[in-house]
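Please read the structure below before turning to the comments.
Residue numbers (this note's numbering), protein chains in the order written: chain A, 1 to 153; chain B, 1001 to 1153; chain C, 2001 to 2153; chain D, 3001 to 3153.
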C-alpha cells in the first residue's frame, strides 16, 4: 500500500497512540509492539510464539486479527482530534495464507478519514526465513467518540 | 438464534472438535473452553482476565473475535465429513458494546452448510453480574479442505 | 428471524419510509416495492424480471443486494428521530444460492439501534413455485445523520 | 491500486469475460460497459442516469455495488482456467461518499488468486466535472466452480 499522506489534527498523535497501546494488557500478553506511527498509518509487529498457535502450529488467525485490528484502529486514531477516543464499529478480514513465520507485521492505512467515521485498510504479512508474504487483508470502520466514559482515549 | 437442526456426516463430530480445539494453544492461553458441541452449533466460553483487556479494562475486541471465530469454525466443522479440515476464508464482525462482564459466551450457528463452503453466524454475549448482553455479531465463511498437509483436522 | 420489538422515536416512521422510498428512482426501475414497515423491520419485495438477470437467467446478485440493502437501511430508519437521515456506511452480503424464482423477499431487522450507529441483519428469500429459500444474508451498518444537505430524509 | 501482474491460465480470458458480460441483462439495463480487461484487473464504467438514483438524485448505492461486484467477479474470472465458472461467495462494501457525478468507474483487482478461492479488491470512483473521487471500496471472495449446470461461464 502507498504511504498515507494526511495532516494530523493533533501534533501529539504519536504520544496518544503509545499511551493508549500501553494500557492494552492484551497487546502485552500476546507480545505485540508498535513499530511505525505515521499520520494515517500504523504498523504493529508480533513475534511468533507457541502460546499463540492454532492446531497446526501456525500463528492463530485470532492473533493475526487482534493485532491487525489494533493497527487499523490506531491508524484512524492518529488523525483524530486530541479529545477523541476511537471505537472499532466493525471489521472484515480475509485470511489468505496460514500464519507461518517467525515475525508478523500488521499495517493499517487510512482510506478515508472523517469527522465521525474513518475507514481503514489493513494488511498482515508473515516474515518466514526472510521472505515476506501477504497473509491477510482487513477493512475496518472506526468511529471518533467524544465524551463517553466507557470509551476514553 | 434458533437451534440448528442438521444431520452430521460424521457421528464422531464431537470428538473431532474436541481434539482439534485441544491442539490450539491460543485457546488455552486466553482461557477459552468448549461449552456446547451440537451438529451445526458450537458454544465457546471465555472468562474475563485482566491479561486480555484493552485500554479501558474491558475484554479486548480481539479476544472476543478470536473466540467467536473459533465457535463459528467449529460449528461448520461439526457438519463436515471425517476427512475434512476446516479453513476460515473470511469473517466480518460488528462490535455492538464493550466487553464488560465476568464471563463471555460465543455461539456459532451454521446458516447454510455446503460441500465446499459453509456460512456461519456468530453471536457473542457478555454476562455481567448475571445479566446477558449481546456484544458482537459475526458472519464467517468456512471452507472444507481435503488432503492439504498444512491444514489438517 | 424473530420479529423485532422496538419502540419508534417518531410515530410517523411509516410515512417517512414510504416518502423516501418513492423518491428512489432506482427502486422503481428495478420494480421493487415496500411490503412491510414495522418498527425495526422492513420487507421489500422484488418480482423476477428478465431485465435484471445475470448470465444464467437468474436474478442478478446486484439486484438482490440493492433491494436487501434498502430493506436494511429502512429498517434502521424506522427507529430514527424525525429529523434524521439514514446513511449506509457499509454492508457485507453472503450469497448462498442463485436468485432462482418468481418473487424475491428482502427482510431487514435491526440487531441493535443506537444514537449514531444502527446495526441491521438482512435476509433475502427466493420464492420459486411456492417454495421459499434463503438465498442471501447481509449485515449492514447504518448511520443517523443530522443537518447534512446532501443526505436528506 | 497498482496494476496487477498475473499470468492468465487461459489466453482467451478477454473473450470469456466479454461473452459472459454480454449475457448479463442487468448490466445492459443499468447501462454498464466493460472498459478494461487485463489479467487480474477489470474496469467497468457506468454513466449517470436518473433512473438509477436514490432519494437525493445521486447514483444509488445498489447500482455502485452491482457494477463494482461485477468488476471484482470478472477480475477473478480472467485468471481462471477455461472450463471454470465464477461465483461470488460474499463481498463487503464501504460507501465513502455519495454517488455524485456524470460517470462512475469501478475497478476490481485480484489480491490473491487461488485454485478454489480468489480474493479481489474493488474501488469505485465518481467522475464529477472532470474530477475523480473515491466513493466506495469492496473486498470480494470469488470461487472457481467446475461442472455445475446452474453456474456456467
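Note that CB positions come from ideal geometry on N, CA and C, so glycine has one too.
**Prompt:** Do you know offhand how far residue 3105 (chain D)'s Cα is from residue 3046 (chain D)'s?
**Reply:** As a working mapping, residue 3105 (chain D) is identified with position 105 in the fourth chain. As a working mapping, residue 3046 (chain D) is identified with position 46 in the fourth chain. Roughly 6 Å separates the two Cα atoms.
**Message:** Under 8 Å: do the stretch 1064–1080 of chain B and the stretch 36–43 of chain A share three or more Cβ pairs, one atom per stretch?
**Reply:** no
**Item:** Within 7 Å, strictly: CB atoms of residue 3142 (chain D) and residue 3086 (chain D)
**Value:** Residue numbering aside, residue 3142 (chain D) sits at position 142 when the fourth chain is read from its first letter. Residue numbering aside, residue 3086 (chain D) sits at position 86 when the fourth chain is read from its first letter. In this structure, residue 3086 (chain D) lies closer than 7 Å to residue 3142 (chain D) by Cβ.
**Asked** Name the residues in the stretch 1116–1146 of chain B whose C-beta lies less than 8 Å from a C-beta of chain C; which are they?
**Response** 1119, 1121, 1134, 1137, 1139, 1141
**Asked** Can you name, in chain order, every residue of its own chain whose Cβ lies under 7 Å from the Cβ of residue 2025 (chain C), other than the five neighbours on each side?
**Response** Locating residue 2025 (chain C) in the third chain gives position 25, where the first residue counts as 1. Result list for residue 2025 (chain C): empty, nothing under 7 Å.
**Asked** Got a sec? Which residues, its chain only, sit under 6 Å from residue 2094 (chain C) by beta carbon, not counting five neighbours each side?
**Response** The sequence position of residue 2094 (chain C) within the third chain is 94, counting from 1. Only 2137 meet the Cβ criterion.
**Request:** Give the interface partners of residue 95 (chain A) over in chain B, defined as CB-CB distance under 9 Å, in chain order.
**Result:** The residue labelled residue 95 (chain A) in the question sits at position 95 within the first chain. By Cβ distance, chain B contributes 1087, 1088, 1089, 1090, 1091.
**Request:** Below 7 Å CB to CB, which residues in the same chain sit around residue 88 (chain A) once its five sequence neighbours on both sides are set aside?
**Result:** The count along the first chain starts at 1 and reaches residue 88 (chain A) at position 88. Closer than 7 Å at Cβ, skipping near neighbours: 69, 73, 140, 142.
**Request:** Flag residue 2982 (chain D) as yes if its beta-carbon sits less than 7 Å from any beta-carbon of chain A, otherwise no.
**Result:** In the structure as shown, chain D begins at 3001 and stops at 3153. Residue 2982 (chain D) is therefore absent and cannot be evaluated.
**Item:** CA nearest to the CA of residue 1055 (chain B), picked from A:56, A:58, A:16
**Value:** Within the second chain, numbered from 1, the residue matching residue 1055 (chain B) stands at position 55. Looking at the Cα atoms, A:16 is the closest of the given residues.
**Item:** Same chain only: Cβ atoms within 6 Å of residue 2013 (chain C), ignoring 5 sequence neighbours per side
**Value:** For the purposes of this step, residue 2013 (chain C) is identified with residue 13 of the third chain, where counting begins at 1. If we look at residue 2013 (chain C) and ignore the five residues flanking it on each side, its Cβ neighbours are 2078.
**Prompt:** Is there at least one Cβ from chain C nearer than 7 Å to residue 3062 (chain D)'s Cβ?
**Reply:** By one-based count along the fourth chain, residue 3062 (chain D) stands at place 62. At least one chain C Cβ lies under 7 Å of residue 3062 (chain D).
**Prompt:** Is the beta carbon of residue 3133 (chain D) less than 7 Å from the beta carbon of residue 3126 (chain D)?
**Reply:** Position 133 of the fourth chain, counting from 1, holds the residue named residue 3133 (chain D). Position 126 of the fourth chain, counting from 1, holds the residue named residue 3126 (chain D). Contact flag set, yes.
**Asked** Taking the Cβ atom as the reference point for each residue, do residue 2019 (chain C) and residue 2031 (chain C) lie within a distance shorter than 7 Å?
**Response** The residue labelled residue 2019 (chain C) in the question sits at position 19 within the third chain. The residue labelled residue 2031 (chain C) in the question sits at position 31 within the third chain. No.
**Prompt:** Residues in its own chain within less than 8 Å of residue 1060 (chain B) by CB, not counting five upstream and five downstream?
**Reply:** Along the second chain, read from residue 1 onward, the residue named residue 1060 (chain B) stands at position 60. Excluding positions up to five away in sequence, the list reads 1052, 1053, 1054, 1099.
**Asked** Hey, how far is the Cα of residue 1144 (chain B) from the Cα of residue 76 (chain A)?
**Response** Looking up residue 1144 (chain B) in the second chain gives position 144. Looking up residue 76 (chain A) in the first chain gives position 76. One C-alpha to the other measures close to 35 Å.
**Asked** When the cut-off is 7 Å and only beta carbons count, does residue 69 (chain A) lie next to chain B?
**Response** As a first step, residue 69 (chain A) must be located in the first chain, where it is residue number 69. Yes - at least one Cβ of chain B is within 7 Å of the one on residue 69 (chain A).
**Item:** CB contact below 7 Å: residue 3052 (chain D) versus chain C
**Value:** Reading the fourth chain from its first residue, position 52 is the one you call residue 3052 (chain D). Closer than 7 Å to some Cβ of chain C, the Cβ of residue 3052 (chain D) qualifies, so yes.
**Request:** Mark residue 11 (chain A) as exposed unless 16 or more other C-beta atoms lie within 10 angstroms of its C-beta, in which case mark it buried.
**Result:** Position 11 of the first chain holds residue 11 (chain A). It is exposed - the Cβ of residue 11 (chain A) has fewer than 16 other Cβ atoms within 10 Å.
**Asked** Are residue 1071 (chain B) and residue 1122 (chain B) closer than 7 Å when you measure CB to CB?
**Response** As a position in the second chain, residue 1071 (chain B) is number 71, starting the count at 1. As a position in the second chain, residue 1122 (chain B) is number 122, starting the count at 1. Going by C-beta atoms, residue 1071 (chain B) is nearer than 7 Å to residue 1122 (chain B).
**Message:** Which complete beta strand (DSSP E) runs does the stretch 26–81 of chain A hold, if anything under 3 residues is left out?
**Reply:** 33–38, 41–47
**Item:** Coil, strand or helix - residue 2021 (chain C) by DSSP
**Value:** On the third chain, position 21 is the one that residue 2021 (chain C) refers to. If DSSP states are grouped into helix, strand and coil, residue 2021 (chain C) belongs with the helices.
**Contacting residues, own chain, Cβ-Cβ under 8 Å from residue 96 (chain A) (five flanking each side not counted)** = As a working note, residue 96 (chain A) is residue 96 in the first chain. These residues qualify, in order along the chain: 134, 135, 136, 137.
**Prompt:** Any residues in the stretch 20–53 of chain A with a beta carbon nearer than 7 Å to a beta carbon of chain B? Which ones, in chain order?
**Reply:** 20, 23, 24, 25, 26, 29, 50, 51, 52, 53
**Request:** At 8 Å on the CB atoms, spell out the chain A contacts of residue 1078 (chain B), in chain order.
**Result:** The residue labelled residue 1078 (chain B) in the question sits at position 78 within the second chain. Neighbours of residue 1078 (chain B) on chain A: none; closest Cβ ~15 Å, over 8 Å.
**Request:** Taking only heavy atoms of the ligand ATP into account, decide whether any of them is closer than 6 Å to the Cβ of residue 2058 (chain C).
**Result:** This structure does not include the ligand ATP; it has no bound ligands of any sort.
**Message:** For chain B, check one thing: does any of its Cβ atoms lie closer than 7 Å to the Cβ of residue 3 (chain A)?
**Reply:** As a first step, residue 3 (chain A) must be located in the first chain, where it is residue number 3. Confidence in residue 3 (chain A) is poor, its pLDDT being 48 and thus under 50, which makes the residue's placement unreliable; the coordinate value appears in the next sentence. Output row for residue 3 (chain A): interface = no.
**Item:** Euclidean distance between Cα positions of residue 1107 (chain B) and residue 3028 (chain D)
**Value:** Residue numbering aside, residue 1107 (chain B) sits at position 107 when the second chain is read from its first letter. Residue numbering aside, residue 3028 (chain D) sits at position 28 when the fourth chain is read from its first letter. Going by the C-alpha atoms only, they are around 43 Å apart.
**Through-space distance from residue 1058 (chain B) to residue 1129 (chain B), alpha-carbon basis** = Numbered from 1 along the second chain, position 129 holds the residue referred to as residue 1129 (chain B). Numbered from 1 along the second chain, position 58 holds the residue referred to as residue 1058 (chain B). If you take the alpha carbons of residue 1129 (chain B) and residue 1058 (chain B), they lie about 14 Å apart.
**Item:** Helix, strand or coil at residue 3016 (chain D) [DSSP, three-state]
**Value:** Along the fourth chain, read from residue 1 onward, the residue named residue 3016 (chain D) stands at position 16. Three-state DSSP puts residue 3016 (chain D) in a helix.
**Request:** Express the C-alpha separation of residue 120 (chain A) and residue 84 (chain A) in angstroms, rounding to a whole number.
**Result:** If you number the first chain from 1, residue 84 (chain A) lands on position 84. If you number the first chain from 1, residue 120 (chain A) lands on position 120. Cα-Cα distance, rounded: 17 Å.
**Request:** Name, please, each residue of chain A whose Cβ falls closer than 9 Å to the Cβ of residue 1065 (chain B).
**Result:** The sequence position of residue 1065 (chain B) within the second chain is 65, counting from 1. What residue 1065 (chain B) touches in chain A: 62, 65, 66, 69, 91, 93.
**Residue ranges of each beta strand (DSSP E) within the stretch 83–120 of chain A, 3 or longer** = 85–95, 103–112
**Request:** Please check the pair residue 3090 (chain D) and residue 2112 (chain C), which I expect to be a contact at CB under 8 Å, by giving their CB distance rounded to whole angstroms.
**Result:** Translated into positions along the fourth chain, residue 3090 (chain D) becomes position 90. Translated into positions along the third chain, residue 2112 (chain C) becomes position 112. That pair is no contact at about 22 Å.
**Item:** Nearest to residue 7 (chain A) (by Cα), restricted to the options A:81, A:63, A:101
**Value:** Taking the first chain and counting its residues from 1, the one referred to as residue 7 (chain A) is at position 7. For the residues A:81, A:63, A:101, the minimum Cα distance to residue 7 (chain A) belongs to A:81.
**Message:** Determine whether the beta carbon atoms of residue 1110 (chain B) and residue 1040 (chain B) lie at a separation below 7 Å.
**Reply:** Mapped onto the second chain, residue 1110 (chain B) falls at position 110. Mapped onto the second chain, residue 1040 (chain B) falls at position 40. Contact flag set, yes.
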